[in-house]
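Residue numbers (this note's numbering): 1 to 138. Ideal Cβ placement from N, Cα and C applies to all residues, glycine included. Right, one structure below, let's go through it.
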Amino acid sequence: MALGPKKTKYRKQMRGKMKGQATSGATLSFGNFGLQCLDSGWITGKQIEAGRVAISRSVKKGGRIWIRVFPDKPYTKKPTEVRMGKGKGPVEEWVAPVKPGRILYEMEGVTAEIALEALTTAGSKLPLKTRFVKREGI
């Protein structure tokens with residue numbers, strides 16, 4: 001199972017810079033509760049899926065979940081014990097570049113206590129610092 005896009009225009013990308021705060025995806029759009037990122041970095045497709053599974057297990061059958069990030073950047077790596085040169089390595093996995101302020105997951109249909117527990121558990125599966133946020137007036 002590939003945890004990335006089905007089709008891309010180019011096979012490999014440069015690493016790029018992650019300066020500043022997130023402008024898009026920094027506010028709650030769908031649910032009442034969310035998990036907001038406080039650091040910049042890369043989140044792999046496996047980590048996003050691990051967070052989703054943790055949330056699903058916490059809320060049992062109630063509630064609705066939105067995943068606001070998608071791993072569309074290829075991360076390449078050369079094999080171990082290979083000399084420098086001879087081109088860029090093959091695509092190892094897919095990552096989602098994340099800036100501070102980006103909402104990663106959103107939820108609704110559950111109480112604030114259940115949402116806090118579920119999203120905190122999901123945040124512990126990720127390599128970046130996160131915080132629980134809720135919509136104004138709730």
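Secondary structure at G109: coil, using DSSP grouped into helix, strand and coil.
If only complete runs of 3 or more residues are kept, the region 56 to 81 shows the beta strand (DSSP E) at 64 to 67 and 73 to 76, in order along the chain. Bounds of the beta strand (DSSP E) holding R131 are T130 to K134.
In the DSSP secondary-structure assignment, I138 is not bridged to any residue.
Around the C-beta of P127, fewer than 16 other C-beta atoms lie within 10 Å, and the residue is accordingly described as exposed.
For A96, the enclosing beta strand (DSSP E) begins and ends at V91 to V98. G16 and L38 have their alpha carbons spaced roughly 19 Å apart.
At the C-beta level, L3 and W94 come within 7 Å of one another.
Assigned with DSSP and collapsed to three states, G123 falls in helix. Taking a 10 Å sphere around the C-beta of V53, we find fewer than 16 other C-beta atoms and assign the residue as exposed.
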